[in-house]
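Quick notes on the structure that follows.
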Amino acid sequence: MKRGFVSMKTIRVSFGDGYDIIVGDGIIKTLGKSARALADTKDASKALIVSDSSVSDACLSEVSMSLKLAGYTVSTYAIRPIEVVRRLNTVSEVCSEAAKAGFKRGDFFVALGDITACDIAGMAAGLFLCGSPLITVPTTTLAQIARTVGNCHNVDLPEEQRVLGVRWLPSLALCDTALLAGQTKRNAASGIAEIIRMGCVVSDKLIDELDGAAGDMEKLIVRAITTRIKLIGKDDRVSIHKSLLHFGSLMSHAIEEVSGYSFDHGEAIAVGMVITCAAGERAGITQVGTTEKLEQILKKYGLPTTSNIPAERLIRTVAQDRYITGSTMSLPMIKSIGDGFMHRMNVVELRNFFISSLPDWAK
15 MKRGFVSMKT IRVSFGDGYD IIVGDGIIKT LGKSARALAD TKDASKALIV SDSSVSDACL
75 SEVSMSLKLA GYTVSTYAIR PIEVVRRLNT VSEVCSEAAK AGFKRGDFFV ALGDITACDI
135 AGMAAGLFLC GSPLITVPTT TLAQIARTVG NCHNVDLPEE QRVLGVRWLP SLALCDTALL
195 AGQTKRNAAS GIAEIIRMGC VVSDKLIDEL DGAAGDMEKL IVRAITTRIK LIGKDDRVSI
255 HKSLLHFGSL MSHAIEEVSG YSFDHGEAIA VGMVITCAAG ERAGITQVGT TEKLEQILKK
315 YGLPTTSNIP AERLIRTVAQ DRYITGSTMS LPMIKSIGDG FMHRMNVVEL RNFFISSLPD
375 WAK
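Okay, so the sequence shown: first residue is 15 according to our numbering, each after it adds one.
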């Protein structure tokens with residue numbers, strides 16, 4: 015991590031009351047000072063850091079010290095490695111930790127880690143005292159993109175994933191690109207899958223920028239975040255479940271569930287995009303050859319393009335997706351790489367749309 019001059023880029027988000035996303039290399043040491051500058055947290059006395067197994071001891075220590083030097087009393091809650099699947103009881107434990115620490119209105123939560131930490135801390139912040147300030151410090155590529163914009167924090171029931179959620183926006187998001195060096199290859203691939211997905215629906219240039227990402231992660235993260243903001247629009251409450259950002263999600267959710275979550279989020283997105291793209295080609299709404307191009311891009315970055323899950327199992331699970339309501343739906347599709355659109359279709363046509371278009375490996 016760089017210890018000299020700290021460069022950073024600030025992105026203003028207009029959702030809710032508005033907040034800043036700060037992107038830079040080595041910026042976690044500025045967390046305490048940044049918190050004192052916020053209207054929401056400047057008069058707070060306590061902070062609770064919620065971290066997961068992706069966070070190193072050195073990182074946790076540096077974040078904690080930054081807050082202490084700014085005059086905050088700091089408590090920590092470490093999500094146990096076994097809690098890969100987010101649970102409501104974990105949120106309850108975090109809230110209990112805040113209560114034990116004597117949290118009052120204005121005291122704040124810090125989400126430090128991958129998607130899991132961001133969702134657990136985000137939901138706890140949204141619930142505690144009917145809403146407490148949240149500062150997000152994501153440590154993986156996927157979390158820096160997906161948990162800084164469009165903040166619906168999800169946890170799971172034992173029976174099903176993604177059925178519990180709280181929309182709670184942070185007061186600040188701090189994306190330290192130096193922390194990305196510590197993420198696992200699988201976590202890094204998940205972030206790349208999300209960038210490829212955005213590139214598929216809005217601009218193939220975003221995908222081209224991946225080649226130079228190793229040399230300038232700050233530029234890539236800024237580009238991905240600003241693209242996501244533009245895709246969501248002015249109101250994340252209205253568009254977050256309807257936008258092009260969910261290209262491939264209908265099938266990727268089914269892949270995760272049917273596989274018993276042996277597929278990582280990014281891996282499921284990759285395969286889901288391939289299936290959806292192939293369906294579009296065979297239905298005549300996606301340019302022929304687009305699926306092959308997409309597969310080449312995904313393989314280049316070590317992402318899967320196939321699965322051994324039978325088609326019928328996927329289709330049955332897709333049909334039960336809780337986000338499908340009414341008799342018609344809008345399905346995010348692409349005409350070609352970089353050109354996304356919403357395809358209106360009757361729900362009863364959904365099975366035939368996919369079953370007749372699934373790649374040979376799924377039949």
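Ideal placement from N, C-alpha and C gives every residue a C-beta, glycine not left out.
Excluding its 5 nearest sequence neighbours in each direction, R211 has C-beta neighbours in its own chain below 8 angstroms: L259, F261, G262, I283, M287, listed in chain order.
Comparing alpha-carbon positions, the option among L156, D133, I159, A115 lying closest to L148 turns out to be D133. DSSP places C291 inside the alpha helix (DSSP H), whose first and last residues are 279-297. The C-alpha of V124 is placed about 13 angstroms away from the C-alpha of M79. Remark: C-beta atoms of Y86 and A61 approach each other more closely than 9 angstroms.
When only Cα atoms are considered, V302 and R296 end up about 8 angstroms apart. Here DSSP, grouped into helix, strand and coil, assigns N165 to coil.
For D54, the CB contacts under 6 angstroms within the same chain, skipping 5 residues up- and downstream, are P147, S185 in chain order. Going by beta carbons, A203 and Y275 fall outside the 9 angstroms limit. With a contact defined as Cβ atoms closer than 8 angstroms, M265 and T240 miss out at about 27 angstroms. Remark: C-beta atoms of D39 and A192 approach each other more closely than 9 angstroms.
G303 sits in coil when the DSSP states are folded into three classes, being neither helix nor strand. Around the Cβ of D222, a 10 Å sphere holds fewer than 16 other Cβ atoms; the residue is exposed. With a contact defined as Cβ atoms closer than 8 angstroms, L81 and L45 qualify at about 6 angstroms. Separation of D335 and K47 (C-alpha to C-alpha, rounded to the nearest whole angstrom) is 44 angstroms.
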